[in-house]
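Input: a single structure, listed below in structure tokens.
Protein chains in written order, with this note's numbering: chain A, -4 to 460; chain B, -4 to 460.
What follows is the structure, given as structure tokens:
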């Protein structure tokens, strides 16, 4: 424990006390902490003197109650896959990790619910649901590591929001420990429950600033038995919008992902991901998932045929196997190629009016060109959800000019009335931009809520605002 | 203005001031107030000296700001179709009605949103959406009068929650006036927006206790082009559950409404609503809505055929016209027959574990028999959503023994871990039962939130807790 000398005496005493309560494997220190990373990009470890690993809600409550009395700050860790810096912890903060609270408690196949401890990984939840022919619809690239707790804290989105909604729409109940150690049992299992304020909504998407979610009741849906995926190219954004309008009328629609040419050209440099020719301005991954083998295939073919007849498509490739479907998805999930070909880059996760998405992308490019001259950028995203991701690279000085790039892009975003973050959250990294993108009245109201639940700002103090 | 003498001087001065600001048609007094009803059952008028009818958010803000300064209480009125007594107003309270704020502001057919003033009726919203081949999916018997504002305040449910969710799932943004007159612009239009706390969630389902919602951005879905409805009877609850499991696998499923024999026997006394023979213990209305004429019909027929083959059904009638579909829906919406045949009755709106719904109904009957001897009851509801409605009649003394009946039924409900209200809300009528159905910690947290936003409890003071 090299850092012990720097630890305040009160903090050291708390850690000693927690070691007694949680056992030796319940408290990590020294190299065991330094070996961890707080985020998937920069892999910065927590600077904390200790990382606590409770095994139960009552242990979490005991930790928070003691920290509350001692005025000790806590940073909460889930799978640490978040990209907004929400897991960074300073040397005066303790880390509370839910990694040992990862049990699946109950599955109700009739009510279509699953009750879990929130340290469980999304993929584990999906696998357990599949055993009952059910699906937990939240699906992320990082599902192997991302936890239910982390996705609740950030109201995670992902690939199938257009069909099943964000995490918020898929959580029926929670058990939360408040900053003062109070256990709040909100484990609702019903689709309909208006018994007082729906308090769980406070904890979903508040990035861990209002309490620690220890258990969750998740809503499951029948597991789809069909999947059809196509990659198409299109010659105009108007045609892409027409295609979206038609695709929306398929209730089986589970993804509508648009990639601008700047993105596709880079990813298609990998021959395995060059599914259609990279000669068009727009590429769309369309996916449907359903329960009717004949009907779904017919509906998907009809969609694409009509789109062709009406000139909406330049080219189209339909996956004829699940392997091909995976290959097409790998086009959309080409971040490792982006990292290789244009890393480092500053990434953006915004929502804009779908009708203006291409105008927004053009305006961002114009602003980047005017500000930086030489730059590279890519644009892609969940267009059906209004959600765009943009990556910007300025050469070797990209990281050092991050603030300038953000100021430039968010300036354009404000003109378009867009949202600062669609699904990644504010974390610590967008915190300084928040006041420019919501009203002072909204910010003040958020402050009142935080003040009401964690007046000393002991939980995730540096996150959000 | 007969009641003028009883009006406190400060209140009278405020009313005079509001008359100046809102114009004479903006403030109703005397008989114009006494002619109104606060609820659809007892038609009790507000006891208020005046009813304010602002035309804009800024007028609402001015009213609330002045009331805040004067310590004047306000009760907010939408369409006054709520059945939990949320609109009752005393003589020391002013009524604020949103009835003149009923404009449809904008429809975005690409983003599938509609922005409205919240005094607009649900049916008006549905009609406006239909002109763009879109649907606002919240559907209630009272849709002609119920307003967007009222349904947001109560997080209204209705018939198609199993498909499209509660009101909460269909509201993207709101504009709210807080109790102190602060205007909070939360008019998000995006499916994905994690820019800070999702404050709108506070105002949805809080029954008007945290502020007045003046505008809303609603989420629309493509308007279904097919509808198939059947009424079936079944000989056991296990078979009803099996049928639900099968029906859920139809993504077109839009309603799964179960009626116990006590309900059906009464409604089927109307020959037009005797669709199947009243000789079975359970009746189910199944509806699908979709976008594929051939596929949907095939899927619906297949569902019913397989259910027959497996012995899940005693009898079944499929609607072969929209007229017949309406007739079948009138079986489920037979409240006027209930009123005629077993009025007055105490009505319950609870959620219970779907698997235990029949055991719950039996336990309620046993408890009623043990407590009251002679009684009549009916049970029906949105079983796919866990939501049951139960009506209880004790003869002429039903109303005077309301509290005893409620105590009896809610006692059973607690044993089953059910929810005190699924979709109607707490209002004033279930307020005394709330503390028995949520934890003290949850109630205290609700109090903290209310304290943070309306410390003087000036808005809807008697509602909820």
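Where is the CB? At the ideal position from N, CA and C, for every residue including glycine.
By alpha-carbon distance to residue 109 (chain A), the top candidate from A:143, A:138 and A:81 is A:143. At least one beta carbon of chain B lies nearer than 8 Å to the beta carbon of residue 178 (chain A).
If you ignore the 5 residues before and after residue 456 (chain A), its C-beta comes within less than 6 Å of the C-beta of 68, all in its own chain and listed in chain order. In the DSSP assignment, residue 14 (chain B) falls within the alpha helix (DSSP H) that extends over 4 to 17. Neighbours of residue 285 (chain A) across chain B, judged by C-beta separation under 8 Å: 246. Here the alpha carbons of residue 83 (chain A) and residue 48 (chain A) stand approximately 17 Å from one another.
Close to residue 421 (chain B), with beta-carbon spacing below 8 Å, are these residues of chain A in chain order: 189, 190 and 191.
Runs of the beta strand (DSSP E) lying entirely within the region 341 to 384 of chain A and spanning at least 3 residues, in chain order: 341 to 346 and 371 to 377. Inter-residue distance for residue 387 (chain B) and residue 351 (chain B) is about 20 Å (C-alpha atoms, whole angstroms). In this structure, the alpha-carbon of residue 446 (chain A) lies about 36 Å from that of residue 158 (chain A).
Proximity of residue 156 (chain A) to chain B, defined by a Cβ-Cβ separation below 8 Å, is satisfied.
Leaving aside the five residues that flank residue 302 (chain A) on each side, the residues in its chain whose CB is nearer than 6 Å to its CB run, in chain order, 238 and 308.
Using beta-carbon distances, residue 253 (chain A) does not count as an interface residue toward chain B, since no partner is under 8 Å. Per DSSP, residue 278 (chain B) is one residue of the beta strand (DSSP E) stretching across 277 to 285. The Cβ atoms of residue 277 (chain A) and residue 312 (chain A) lie no closer than 8 Å to each other. The beta carbons of residue 231 (chain A) and residue 279 (chain A) sit no closer together than 8 Å.
Partner residues in the beta bridge of residue 213 (chain B), as assigned by DSSP, are B:109 and B:166. The DSSP assignment places 178 to 181, 207 to 214 and 221 to 229 as complete runs of the beta strand (DSSP E) inside the region 167 to 233 of chain A, in order along the chain (cut-off: 3 residues). Listed along the chain, the chain A residues whose CB falls inside 9 Å of the CB of residue 213 (chain B) amount to none; the nearest CB is some 15 Å away. Within 10 angstroms of the beta-carbon of residue 241 (chain B) lie 16 or more other beta-carbons, which makes it buried. Ranking A:103, A:325 and A:315 by CA distance to the CA of residue 264 (chain A) puts A:325 first. In the DSSP assignment, residue 53 (chain B) falls outside any beta strand (DSSP E) and lies within the alpha helix (DSSP H) extending over 52 to 65. For the 8 Å CB-CB criterion, residue 193 (chain B) and residue 200 (chain A) form a contact. Residue 141 (chain B) sits in coil when the DSSP states are folded into three classes, being neither helix nor strand.
Relative to the Cα of residue 271 (chain B), the nearest Cα in the group B:246, B:291, B:310 and B:288 belongs to B:310.
Judged by pairs of C-beta atoms under 8 Å, the region 396 to 415 of chain B does not touch the region 168 to 175 of chain B, as fewer than three such pairs exist. In terms of Cβ geometry, residue 380 (chain A) and residue 156 (chain A) form a close pair [threshold 8 Å].
Within the region 126 to 156 of chain B, contact with chain A at the beta-carbon level (separation under 8 Å) is assigned to 149, 150, 152 and 156. When CB distances to chain A are screened at a threshold of 9 Å, the residues of the region 416 to 446 of chain B falling below it are 416, 417, 418, 419, 420, 421, 425, 429, 432, 433, 434, 436, 437, 438, 439, 440, 441, 443, 444, 445 and 446, in chain order. Restricting attention to A:375, A:269 and A:423, the CA atom closest to the CA of residue 323 (chain A) is found in A:269. Under the 8 Å criterion on CB atoms, residue 105 (chain A) is classed as interfacial with respect to chain B. For residue 310 (chain B), the uninterrupted beta strand (DSSP E) segment begins and ends at 310 to 313. Here the alpha carbons of residue 120 (chain A) and residue 126 (chain A) stand approximately 10 Å from one another. Neighbourhood of residue 449 (chain B) in chain A, by CB distance below 8 Å: empty, with the nearest CB roughly 11 Å away.
In the three-state scheme derived from DSSP, where H, G and I count as helix and E and B as strand, residue 24 (chain A) is classed as strand. In this structure, residue 291 (chain B) places its C-beta atom within 8 Å of the C-beta atom of residue 283 (chain B).
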